[in-house]
Amino acid sequence: MPDWLQRLRNPAPTEDAALWVKCPSCGEMLYRKDLESNFSVCTKCNYHFRMHAYDRINSLVDGDFVEIGDDVLPGDPLGWTDKRPYLQKLETDREKSKLSEAVVTGFATLDGFPVALGVMDFSFRGGTMGTVVGERITNLFEEARKRKLPSIVFTASGGARMEEGMLALMQMAKTTQAVERFKAEGNPYITVLTDPTTGGVSASFAFQSDVIVAEAHAAIGFAGRRVIEQTIRQRLPDNFQTAEFLLQKGHVDMVVQRAEIRGTLVRLLDYAVDRKRVGPALKAVPEFALPS
Amino acid sequence: MNLIVEREKGPLQELENRIAALRERGPAVPASDVQLLEEKYHELLWDLFGKLSPWERVNMARHPKRPIGTDYIAALDQFEELHGDRHFRDDPALSGGLAKLRGRRVMVLAQQKGRDTKENIARNFGMVSPEGYRKGRRLMELAERFRLPIVTFVDTSGADPGIASEEHAQAEAIASCLMTLTKVGVPVVATVIGEGGSGGALAIALADTVLMAENSVYSVASPEGCAAILWGDAARAPEAAERLRLTSEDLLGFGIVDRVIPEPLGGAHRDAAAFVGRVLDAVEEELSALDGRTSDELRDARYAKFRRIGAWEHGAAALVASAIP
Chain A
1155 MPDWLQRLRN PAPTEDAALW VKCPSCGEML YRKDLESNFS VCTKCNYHFR
1205 MHAYDRINSL VDGDFVEIGD DVLPGDPLGW TDKRPYLQKL ETDREKSKLS
1255 EAVVTGFATL DGFPVALGVM DFSFRGGTMG TVVGERITNL FEEARKRKLP
1305 SIVFTASGGA RMEEGMLALM QMAKTTQAVE RFKAEGNPYI TVLTDPTTGG
1355 VSASFAFQSD VIVAEAHAAI GFAGRRVIEQ TIRQRLPDNF QTAEFLLQKG
1405 HVDMVVQRAE IRGTLVRLLD YAVDRKRVGP ALKAVPEFAL PS
Chain B
448 MNLIVEREKG PLQELENRIA ALRERGPAVP ASDVQLLEEK YHELLWDLFG
498 KLSPWERVNM ARHPKRPIGT DYIAALDQFE ELHGDRHFRD DPALSGGLAK
548 LRGRRVMVLA QQKGRDTKEN IARNFGMVSP EGYRKGRRLM ELAERFRLPI
598 VTFVDTSGAD PGIASEEHAQ AEAIASCLMT LTKVGVPVVA TVIGEGGSGG
648 ALAIALADTV LMAENSVYSV ASPEGCAAIL WGDAARAPEA AERLRLTSED
698 LLGFGIVDRV IPEPLGGAHR DAAAFVGRVL DAVEEELSAL DGRTSDELRD
748 ARYAKFRRIG AWEHGAAALV ASAIP
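Read top to bottom, the protein sequences are chains A and B. The opening position of the first sequence corresponds to residue 1155 in the working numbering, with each subsequent residue numbered one higher. The opening position of the second sequence corresponds to residue 448 in the working numbering, with each subsequent residue numbered one higher.
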């Protein structure tokens, strides 16, 4: 584990619980280290576990990852309480997920290509987009645009975050505008849709990219499966809203197994960006860091 | 069952009937008698509808007699409907076309609920399908080509959540409407006239100016959907409505809505024609205020408008300010 990841992922979970993991698909008991070295994919049945944002980043980047936007933290604009106060829920999610919000954004290089990288994580409030996710994504595109860097975003989201009401919905508009400005200047944008990508995130920056990669077996759609089933009062076929279904319907460019994603992104970057033009000015990642 | 409709029955209905009956008898009835009843009637209206809770607003927004898209279109000077997404079909849940509004050439897009069950089925209860959003996008692009301001009327419980809509990429259809409204260099004025249901509403409401009828609602999720998710019980929708902050006053306060158009006591449907006229006047005023802006000025101001929306714990304000053109 690189230093930066060590710093971000304090303290390690207790050994006992951490040693073995049961695959929810085939029931196989998997040795955690094997699972991790296999990109959190079941070695027996190819089930793709949801991946922690920092593990994902670690599996992609060459060396360092310079995080930005991590100082943008959630508040409680509506004074929301349902079963528990929103602020308490955020606290629990922070502890559970070891994340400050549902997206991690920053700069890194991928096989030498400098990129702006955003990775959403379902384990924080179901990856929902509140004002912080909106702000971090918007900020990422604005900073990438200044530096003329390609952007890659991994999506995983249950949609807009209810606890922030309309302020959350408006993040769809805000992020769209940042994506549009970024793309209008010819900067490449690739999304990788991971499990699950739905609602306000799929109806904004997830489907606004130049190339859409879907991770194998991911559930992707607009309305949630349950909502549709309630509306039509019948059960949906198992493959409905899967990455493979979307490929067949023409909604995504390709479906890629997790282990192949990095290689795929590098190949795509190699077409989208002229490697010769990735000059020495962009080689040292720390230069991307924002002045604090 | 609509809460407002229920409340309109009984004493209020009775008073209405009595006033109508007196009026029918003509000059034989002293004017003061009619006046007396009318005063009582207004008092009762005030008691019943003077102060509405968020859930009552939701019911008002869904009132079966509330002015709907077709009423606003009928009140335009002229309207030339344009159909179809050029790919698959014409979606009657979103209608659009070339129009004249108070003498001004515009492109109009209106989400369409029906007036009765039959109309509602034909229009899918105002729930727009991908084909509808693609028609919308096409007409937005046409507006840009003809240099016509875009005027939209929002009234949907949400984008259609059916199998076919998923198969036809509902998410992509909405995402690209948002992209197009970001790009267009003509003024965009959106008015929420009834229900503003989540992303399906926003798809035609990423606008320079957002107006809202006083008793309309605009929400991240329907109160029923929200309650189902939070408590597994859609019947707790009234509580969800309280929490979602979906009323016009709330949204004006957040800076999400720019102007609220007051409704007659008891709701827009009590004086529908006049209310629709006032909405169109307000739209025209807002379009006038945007006159003379260049495409870049419009786009920059639109960017700044949505860029500001959010709430963070720390001093991201400086970051945001530096990003606003």
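Note that the Cβ used here is the ideal one computed from N, Cα and C, for glycine as well.
Determine the direct distance from the alpha carbon of residue j to that of residue i, and round the result to whole angstroms.
| i | j | result |
| --- | --- | --- |
| serine 623(B) | aspartate 1216(A) | 33 Å |
| serine 542(B) | isoleucine 640(B) | 15 Å |
| methionine 1326(A) | asparagine 1200(A) | 33 Å |
| glycine 762(B) | valine 1226(A) | Note that glycine 762(B) scores 47 on pLDDT, short of 50, meaning its location in the model is unreliable; the coordinates nonetheless yield the value given after this. The alpha-carbon atoms of glycine 762(B) and valine 1226(A) are separated by roughly 8 Å. |
| aspartate 1265(A) | phenylalanine 1278(A) | 29 Å |
| glycine 1233(A) | valine 1286(A) | 16 Å |
| glutamate 613(B) | phenylalanine 1276(A) | 22 Å |
| aspartate 537(B) | histidine 530(B) | 6 Å |
| glutamate 1334(A) | valine 636(B) | 20 Å |
| leucine 1159(A) | leucine 1244(A) | 22 Å |
| lysine 1300(A) | valine 505(B) | 44 Å |
| serine 479(B) | glutamine 558(B) | 44 Å |
| alanine 1438(A) | alanine 569(B) | At alanine 1438(A) the pLDDT is 46, less than 50, meaning the model places this residue with poor confidence; the figure from the coordinates comes in the next sentence. Each residue's Cα considered, the two are about 60 Å apart. |
| tryptophan 1174(A) | glutamate 671(B) | 40 Å |
| valine 1427(A) | aspartate 524(B) | 52 Å |
| histidine 510(B) | valine 601(B) | 15 Å |
Does any CB atom of chain A fall closer than 7 Å to the CB of residue i?
| i | result |
| --- | --- |
| leucine 745(B) | no |
| alanine 721(B) | no |
| leucine 677(B) | yes |
| methionine 587(B) | no |
| proline 608(B) | yes |
| glycine 573(B) | no |
| alanine 546(B) | no |
| alanine 688(B) | no |
| tyrosine 750(B) | yes |
Give me, in chain order, the residues of the same chain whose beta-carbon lies closer than 7 Å to that of residue i; leave out the 5 immediate sequence neighbours on both sides.
| i | result |
| --- | --- |
| lysine 456(B) | none |
| aspartate 1230(A) | Tyr1240 and Leu1241 |
| alanine 1360(A) | Thr1309, Thr1345, Leu1347 and Thr1351 |
| alanine 616(B) | Pro577 |
| glycine 605(B) | Met574, Gly644, Ser645, Gly647 and Ser669 |
According to DSSP, is residue i helix, strand or coil?
| i | result |
| --- | --- |
| lysine 1250(A) | helix |
| aspartate 1265(A) | coil |
| lysine 456(B) | coil |
| glutamate 528(B) | strand |
| aspartate 1407(A) | coil |
| glutamate 1245(A) | helix |
| proline 577(B) | helix |
| serine 542(B) | strand |
| alanine 648(B) | helix |
| serine 663(B) | coil |
| alanine 1438(A) | In this predicted model, alanine 1438(A) has a pLDDT of only 46, less than 50, meaning its place in the structure is not dependable; the value taken from the coordinates is given anyway. Three-state result, alanine 1438(A): coil. |
| phenylalanine 1276(A) | coil |
| tryptophan 1174(A) | strand |
| leucine 1347(A) | strand |
| leucine 766(B) | Since pLDDT at leucine 766(B) reaches only 47, below the 50 mark, its modelled position is unreliable, and the value read off the structure follows with that caveat. Looking at leucine 766(B) - three-state DSSP - the assignment turns out to be helix. |
| proline 1228(A) | strand |
| valine 1307(A) | strand |
Could you pull out every residue in the same chain whose Cβ sits closer than 6 Å to the Cβ of residue i, ignoring the five residues on either side in sequence?
| i | result |
| --- | --- |
| valine 476(B) | Leu469 |
| alanine 1499(A) | With chain A represented from 1155 up to 1446, any question about residue 1499(A) goes unanswered, as that position is not in the structure. |
| serine 666(B) | Leu691 and Leu693 |
| valine 1406(A) | Ile1366, Ala1368 and Leu1400 |
| proline 685(B) | Trp502 |
Please decide whether residue i counts as near chain B, where near means a Cβ-Cβ distance under 7 Å.
| i | result |
| --- | --- |
| glutamate 1398(A) | no |
| serine 1251(A) | no |
| aspartate 1218(A) | no |
| serine 1363(A) | no |
| serine 1277(A) | no |
| aspartate 1265(A) | no |
Considering only C-alpha positions, which residue in the set the options is nearest to residue i?
| i | options | result |
| --- | --- | --- |
| aspartate 697(B) | Gly1181(A), Phe1203(A), Leu1321(A) and Val1410(A) | Leu1321(A) |
| threonine 599(B) | Val553(B), Arg504(B) and Lys560(B) | Val553(B) |
| glycine 1353(A) | Lys1328(A), Val1381(A), Asp1364(A) and Asn1341(A) | Val1381(A) |
| glutamate 642(B) | Asp480(B), Arg513(B) and Arg581(B) | Arg513(B) |
| alanine 729(B) | Arg465(B), Ala508(B), Leu484(B) and Tyr519(B) | Tyr519(B) |
| aspartate 738(B) | Pro596(B), Ile703(B) and Arg585(B) | Pro596(B) |
| serine 1363(A) | Phe1394(A), Tyr1343(A) and Phe1376(A) | Tyr1343(A) |
| leucine 548(B) | Glu733(B), Arg749(B), Asp607(B) and Thr741(B) | Glu733(B) |
| glutamate 1182(A) | Asp1157(A), Gly1260(A), Lys1198(A) and Asp1224(A) | Lys1198(A) |
| glutamate 591(B) | Lys630(B), Lys498(B), Leu649(B) and Ile708(B) | Lys630(B) |
So, for residue i: in the same chain, excluding its five sequence neighbours on each side, which residues have a beta-carbon less than 8 Å away from its beta-carbon?
| i | result |
| --- | --- |
| threonine 1418(A) | Val1367, Met1408 and Val1410 |
| glycine 1372(A) | One point to set straight first is that residue 1372(A) is alanine, not glycine, in the sequence displayed. Closer than 8 Å at the Cβ level, and outside the excluded window around alanine 1372(A), lie His1202, Leu1347, Thr1348, Asp1349, Pro1350, Thr1351, Thr1396 and Ala1397. |
| leucine 1184(A) | Trp1174, Val1175, Lys1176, Cys1177, Cys1196, Thr1197 and Lys1198 |
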